[in-house]
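Engineer: Chains as they are written, first to last, in the numbering used here: chain A, 1 to 296; chain B, 1001 to 1230. The beta-carbon is built from N, C-alpha and C at its ideal position, and this holds for glycine as well. Just so we're clear, the structure is a prediction, and the values are computed from it rather than from any experiment. Questions regarding the structure given below will be posed in turn.
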Amino acid sequence: MSEISLGVYPPVIRIKSNAEAKVNLPVTVLNNSENSIQVTITLKPFYDSGKTDGSVSYYAESDAPGRDLDFLKVVKIKDNDQEIKTINLYPKEYKTLNLDFITPKSFSSDYYFSVVFSLDQTKNDSKETISYVKPSAAINVLLSGDNFSSFAVIEELKTDKVQFSGPIKIDLTVKNASDHYESISGTIVLFDTFGNPVDKADLSSEIILAGATRKMREDGSKSGIDLGNKFMLGLYTARAEIKSEGKIIKSQETRILTVPLIVMLIVIIALFIILGITAKVLKKINHLNISNHKNK
Amino acid sequence: MKRFVIAPIIIFTLIFTTNSSSFAQVLEGDGYILRLGEDAQEKTTGNLIRQGSYTPEALQKNKIIYSKGFKAILSYENDLKNLPLVITVSSDAINFGEIKPGEPITRTLSLKMIPGSAKGFQVLVIEDGNLKSEGKQIPPTSCDSGNCNQILPDLWTLPLVYGLGYNSSDMPVNYYKRFSNMDLDEQPVSIFHGSEVNQSSTLTYKLNIAGNQPEMGYQNIIEYIISPNL
């Protein structure tokens, strides 16, 4: 029993292709273990997981679409022009192989599949009960036809309409309504009551599979999108613009009223005090007037 | 022709004339490195992958390939991390030894991951089938309530509840799930996701068998797949 460390590069490959193009691309597998290992190579179709975070799901064996399985029959991993299904790697050795296939005759919709490199595990007869561990690393490949229009839409631009403190938190969800994957980026700009821009967030470029939805994030942020600062007061407008291939394709706005809670409480208390003083003063004035009138 | 003559001479010379403990030879070819001898093996330094140690031609930032009829982008255009996607498991086998009825056994497996890009990754798990031996099987656990499955964990503490299950570091202590099972035509299930280099997770396997379970050596294979986020 020994530690096994297996790696691949690149993690993701995106291909835009004409029909019947001969595709040949480098893929690298590396053995970071202290021992030699044998690695098997398989191909698995995948789909968007639905978690809006860019993760994928693999089909159960009987659910994999026949169209995808038929296409994968022509996809080969080659070493020096020879197709291989397994490879031996020495400790700390890497090997660059070739992903090789001819694209289909027609591209009505995309193909998504993983090239999975796995430790070759076999069971051995033993009196002991053993659960063998099979580490695997996947390269996710997206194949799409060239030349199509963008169908990305803003599915939701959501924020609390009244906020009691900044920064303003915004959720932006984009749906790819087309049959092809798209790379979507964009910006969200925050304007004050007078239409002056006060803050801007550049959105991280995200790959969205056909029919899938993605929650957009601010570039460099692991969570959502924050605009403005802690102390904000007034009516603001957030305008979201999404881009495909650098061109703005959709935009949407939402309005937010920010009233800092502490400031509001202070104002209310001050108002009550002022009203209370005013009432007392008016009462005294009234009382004096009545006394003067009686004396006359 | 020269290569066929020189290569065996070099190898023959290296094997028979050099002390193996001080021997260090690196043969480098088109897309591979062959390291011979103990001293040639690199020791890990705490970073699993060192920049400069793994620089195959394909391991390049912002690699865009244009060729006849297609354009391909390898990895991400603006990704500052130029690392492979790596999964490391602490052991290639979980050995429960000779199991006895009514004596639950636990074993741990550590996973460590390198994300390959700023988009992050997930780890999915699936077993090829139940622990089997000569037609006999150990079923998966259904936990104390009978309600846990490959998606939903539940408490498992009763000594008369049998089967195989696992706890991962994001689950409460003593909560277990069964493994997703290929024999049942199930999908791999996501057990972990992250985006940091050398992020780690620990799984605890738990196995308990009934009194009428034949005492034999049962086996299965559990696959852990690291898959990059898009």
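(1) Taking all protein chains shown into account, decide if P1188 of chain B is buried (16 or more other Cβ within 10 angstroms of its Cβ) or exposed.
(2) Take E1179 of chain B as the anchor and find which of B:E1134, B:G1069, B:T1141 has the nearest alpha-carbon.
(3) Can you grab the Cα-Cα spacing for the pair N292 of chain A / I266 of chain A, in whole Å?
(4) For G1217 of chain B, name the three-state secondary structure that DSSP assigns.
(5) If we count the other Cβ atoms within 10 Å of its Cβ and call it buried at 16 or more, is I285 of chain A buried or exposed?
(6) Using a Cβ-Cβ cutoff of less than 6 Å, which residues in the same chain neighbour K158 of chain A once the five nearest sequence positions on both sides are dropped?
(7) On the DSSP letters alone, give me the boundaries of the beta strand (DSSP E) that N1181 of chain B sits inside.
(8) Using the C-alpha atoms, what's the distance from K1063 of chain B back to L1074 of chain B?
(9) By DSSP's criteria, T129 of chain A is part of a beta bridge. Which residues make up the other side?
(10) Using three-state DSSP, classify T86 of chain A as helix, strand or coil.
(11) Quick one: what's got a C-beta closer than 8 Å to T1045 of chain B's C-beta in the same chain, skipping five residues either side?
(12) Counting C-beta neighbours from all protein chains within 10 Å, is the total for D1154 of chain B 16 or more, i.e. buried, or is it exposed?
(13) Report the partner residues of G7 of chain A according to the DSSP bridge assignment.
(14) To the nearest angstrom, report how far apart S49 of chain A and S1133 of chain B are at their CA atoms.
(15) Using a Cβ cut-off of 7 Å, which residues of the stretch 43 to 56 of chain A contact any Cβ in chain B, in chain order?
(16) In its own chain, which residues sit with a C-beta less than 7 Å from the C-beta of I242 of chain A, not counting the 5 before and 5 after it?
(17) How about P1084 of chain B and G54 of chain A: do their beta carbons lie closer than 9 Å?
(18) What's the C-alpha gap between N32 of chain A and S149 of chain A?
(19) Let me make sure I understand the geometry here. Which of B:P1115, B:S1067, B:N1181 has the alpha-carbon closest to that of H1193 of chain B?
(20) Does the CB of F1096 of chain B have a neighbour CB from chain A at under 9 Å?
(21) Would you report the Cα separation of E1038 of chain B and P91 of chain A, rounded to the nearest angstrom?
(22) Buried or exposed, going by whether 16 or more other CB atoms sit within 10 Å of the CB of I256 of chain A?
(23) Along chain A, in chain order, which residues have C-beta atoms closer than 8 Å to that of Y1176 of chain B?
(24) Could you tell me which of B:L1230, B:E1223, B:L1207 sits nearest to G1097 of chain B, measuring between CA atoms?
(25) Can you tell me which of A:K222, A:I168, A:I77, A:R239 puts its alpha carbon nearest to the alpha carbon of I196 of chain A?
(26) Regarding L261 of chain A and the ligand ATP, is the C-beta to nearest heavy atom distance less than 8 Å?
(27) Any C-beta of chain A sitting closer than 9 Å to the C-beta of A1072 of chain B?
(28) Over the uninterrupted beta strand (DSSP E) stretch that includes F46 of chain A, give me the two end residues.
(29) Restricting to runs no shorter than 3 residues, where is the beta strand (DSSP E) found entirely within the stretch 1128 to 1158 of chain B?
(30) Is any beta-carbon of chain B found at less than 9 Å from that of A137 of chain A?
(31) Is it the case that the Cβ atoms of I15 of chain A and F1070 of chain B are separated by a distance below 9 Å?
(32) Going by other Cβ atoms of all chains shown within 10 Å of its Cβ, with 16 needed for buried, is I268 of chain A buried or exposed?
(33) By the 8 Å beta-carbon criterion, what residues does the stretch 1210 to 1223 of chain B contribute toward chain C?
(34) Could you name the residues of chain A that L1131 of chain B contacts, counting a contact when the two beta carbons are closer than 9 Å?
(35) Using the three-state DSSP reduction, which class does L233 of chain A fall into: helix, strand or coil?
(36) For L1131 of chain B versus S131 of chain A, is the C-beta spacing smaller than 9 Å?
Structural biologist: Well, looking at it:
(1) buried
(2) Inspection of the sequence shows that residue 1179 of chain B is occupied by Phe rather than by Glu. Among B:E1134, B:G1069, B:T1141, the Cα nearest to that of F1179 of chain B is on B:T1141.
(3) 39 Å
(4) coil
(5) exposed
(6) D171
(7) Looking at the DSSP string, N1181 of chain B is not in any beta strand (DSSP E), and its letter there is neither H nor E.
(8) 5 Å
(9) B:G1097
(10) strand
(11) Note on T1045 of chain B: pLDDT 24, under 50, position unreliable in the model; the coordinate value appears next. Taken in chain order, the list of residues that qualify is empty.
(12) buried
(13) A:L30, B:V1086
(14) 35 Å
(15) D53, G54, S55, V56
(16) A152, I154, V174, I184, G186, I249, K250
(17) no
(18) 43 Å
(19) B:P1115
(20) yes
(21) Its pLDDT being 32, under 50, E1038 of chain B is placed unreliably by the model, and nothing is read from it.
(22) buried
(23) Within chain A, no residue comes near Y1176 of chain B; the closest Cβ sits about 14 Å away, beyond 8 Å.
(24) B:L1207
(25) Note that residue 196 of chain A is Asn in the sequence shown, not Ile. Nearest C-alpha to N196 of chain A: A:R239.
(26) With respect to small molecules bound, the structure shown includes none, and the ligand ATP cannot be examined in it.
(27) yes
(28) 37 to 48
(29) 1131 to 1133, 1136 to 1138
(30) yes
(31) yes
(32) exposed
(33) Any reference to chain C falls outside this structure, whose protein chains are A and B.
(34) T129, I130, S131
(35) coil
(36) yes
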